[in-house]
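In UniProt numbering, the protein residues as written are 1 to 266.
Cβ atoms here follow ideal geometry from the backbone N, Cα and C, with glycine treated the same way.
All values reported here derive from a predicted model rather than from experimental measurement.
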């Protein structure tokens with residue numbers, strides 16, 4: 001399992017610092033980030049970053065309440081509300097929160113919340129692995145029916161995504177590109193959502209339609225529909241610009257340029 005990423009949205013700096021220290025004391029292997037304590041800045045952060053696994057969210061923020069943030073940011077995280085008041089408890093559990101911590105937060109109570117999160121995460125991973133195996137079996141059975149030939153090969157049409165507190169399917173035609181980083185594989189959708197996949201890029205190349213996807217280099221696998229433009233690069237290479245934009249340059253090496261041009265013109 002990859003490292004757990006936790007985030008804190010709290011408009012009071014001392015409270016944010018204290019909660020950060022408490023979480024790190026209980027789970028030193030977690031990566032804990034303190035985000036801006038305003039709705040506007042936090043929404044912007046969520047739109048441009050991978051969502052954390054668990055989000056500790058103060059209900060009263062500088063520029064409004066956190067339900068406004070949830071409506072705008074649509075976080076994929078498991079949410080834990082933190083507040084000095086209990087008046088929002090009922091509403092909090094209508095937005096998929098897993099707990100409601102009243103300030104001042106005590107270490108024992110925080111540990112209960114963390115253990116609840118870990119228990120739910122383990123369950124979702126088990127469900128994800130089981131459902132993913134079922135999909136693979138069904139696709140394998142489909143591949144064996146009818147005439148076996150390269151022309152009749154069936155390519156993957158969807159992925160089962162495990163994102164924090166939910167499982168859902170992602171259609172391949174919603175994918176813009178895949179990339180690998182720190183031994184993980186990520187899928188980026190055409191509407192700029194990003195998820196972790198339990199597949200290596202090599203495996204994806206075998207399962208996806210080669211008319212639609214091209215392995216531009218060791219780190220990226222790009223859908224033809226996501227390509228915005230191509231620029232010449234030095235030494236016969238090319239730079240591919242995609243939508244949504246990728247954080248790094250996508251460079252097609254000189255030895256792949258010919259195949260890349262043929263693929264684009266197919």
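Practice prompt. Quick one: residues in its chain with C-beta nearer than 8 angstroms to the C-beta of residue 33, no 5 flanking neighbours on either side, listed in chain order?
Written response: Result list for residue 33: 5, 6, 7, 8 and 52, in chain order.
Item to complete: Can you grab the Cα-Cα spacing for the pair residue 251 / residue 183, in whole Å?
Response: C-alpha of residue 251 to C-alpha of residue 183: approximately 20 angstroms in a straight line.
Worksheet item: Since residue 80 contacts residue 55 with CB under 8 angstroms, what's their CB separation in whole angstroms?
Response: Rounded, the Cβ-Cβ distance is 7 angstroms, consistent with contact.
Fill in: For residue 41: DSSP bridge partner residues
None; residue 41 has no bridge partner.
Worksheet entry | DSSP three-state assignment for residue 256, whether helix, strand or coil | Three-state result, residue 256: helix.
Worksheet item: Which residues mark the beginning and the end of the alpha helix (DSSP H) in which residue 17 is found?
Response: Per DSSP, residue 17 is one residue of the alpha helix (DSSP H) stretching across 13-26.
Worksheet item: Any idea if residue 25 is buried or exposed, counting beta-carbon neighbours within 10 angstroms, 16 or more meaning buried?
Response: So residue 25 ends up on the exposed side.
Worksheet item: In three-state terms, what does DSSP make of residue 49?
Response: Reduced to three states, the DSSP call for residue 49 is coil.
Fill in: Sequence-distant residues of the same chain with beta carbon closer than 7 angstroms to residue 86, five excluded per side
In its chain, beyond the 5 residues on either side, 102 have a beta carbon closer than 7 angstroms to the beta carbon of residue 86.
Discussion item. Out of 259, 236, 42 and 222, which one is the CA nearest neighbour of residue 243?
Written reply: The candidate whose alpha carbon is nearest that of residue 243 is 222.
Worksheet entry | Straight-line gap, residue 114 to residue 22 (C-alpha atoms, nearest Å) | Per the coordinates, the alpha-carbon of residue 114 lies some 11 angstroms from the alpha-carbon of residue 22.
Fill in: Reference residue 122, options 162, 154, 233 and 106, closest by Cα
Measuring from the Cα of residue 122, the nearest candidate turns out to be 162.
Worksheet entry | C-alpha distance - residue 191 paired with residue 227, whole-angstrom precision | Distance between the alpha carbons of residue 191 and residue 227: 14 angstroms.
Worksheet entry | Close beta carbons around residue 225, own chain, < 7 angstroms, minus the five adjacent residues each side | Cβ neighbours of residue 225 within its own chain (closer than 7 angstroms, five residues either side excluded): none.
Fill in: residue 260 beta carbon less than 8 angstroms from that of residue 214
Yes, the pair counts as a contact, with Cβ atoms nearer than the cut-off.
Discussion item. So residue 158 and residue 172 are supposed to be a Cβ contact under 8 angstroms. How far apart are they, rounded?
Written reply: The pair is a contact, with the Cβ atoms about 6 angstroms apart (cut-off 8 angstroms).
Worksheet item: What is the DSSP secondary structure of residue 237, counted as helix, strand or coil?
Response: Here residue 237 sits in coil by DSSP.
Discussion item. Rounding to the nearest angstrom, what Cα-Cα distance links residue 117 and residue 29 in this structure?
Written reply: If you take the alpha carbons of residue 117 and residue 29, they lie about 15 angstroms apart.
Worksheet item: Among 211, 230, 166 and 10, which one has its Cα closest to the Cα of residue 58?
Response: Nearest of 211, 230, 166 and 10 to residue 58, Cα basis: 10.
Worksheet item: With C-beta atoms as the reference, is residue 185 less than 8 angstroms away from residue 176?
Response: Their beta carbons are not under 8 angstroms apart, which means residue 185 does not touch residue 176 by this criterion.
Worksheet item: Hey, residue 61 and residue 69 are a contact pair by Cβ (cut 8 angstroms); roughly how many whole angstroms apart?
Response: Between residue 69 and residue 61 the Cβ distance is about 7 angstroms, and since that is below 8 angstroms, they are a contact.
Practice prompt. Any chance you could list the alpha helix (DSSP H) runs of at least 4 consecutive residues sitting entirely within the region 183-237, in chain order?
Written response: Runs of the alpha helix (DSSP H) inside the region 183-237: 201-207.
Item to complete: Under 8 angstroms Cβ to Cβ from residue 257, same chain only, skipping five residues before and after it: list those, please.
Response: Cβ within range, chain order: 236, 237 and 238.
Discussion item. To the nearest angstrom, how far is the alpha carbon of residue 104 from that of residue 110?
Written reply: Taking the straight line joining both Cα atoms gives about 11 angstroms.
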